[in-house]
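Structure, as structure tokens:
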Amino acid sequence: MPKIKWSLKIKESIHKVELVHKYISGKRKLTVDTRVVVDETIFKDTGSVYVFKIEEQRFKITIQSNFLSWDYSLIQE
């Protein structure tokens with residue numbers, strides 16, 4: 001069960017983004033600071049894209065399967 005954490009500095013403030021991905025059950029939980037943005041379970045887990053905002057800045061998290069492992073990325077749009 002990977003737990004991926006990012007720290008982002010936006011307008012002099014530090015924001016914490018955390019993604020918990022239970023790939024066997026398909027459960028995902030995305031938290032920005034203390035706010036839960038996503039809390040879901042996907043039956044057939046092949047990957048996902050989540051878009052959210054922090055202080056009017058748009059971000060995108062992608063989860064991709066390469067069939068042997070998972071790749072996670074956080075991109076500012």
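When we follow our numbering, the leftmost residue of the sequence shown carries the number 1, and every step to the right adds one. Beta carbons: idealized from backbone N, C-alpha and C, even for Gly.
For Glu55, no beta strand (DSSP E) segment is defined, and its DSSP state is neither H nor E. Contact holds between the stretch 23-32 and the stretch 40-57, because three or more Cβ pairs, one in each stretch, are under 8 angstroms apart.
In this model, Glu77 and Ile10 are separated by some 14 angstroms (Cα to Cα). In its chain, beyond the 5 residues on either side, Lys29 have a beta carbon closer than 6 angstroms to the beta carbon of Asp39.
Beta-carbon to beta-carbon, His15 and Ile63 are separated by about 20 angstroms, too far to satisfy the 8 angstroms threshold.
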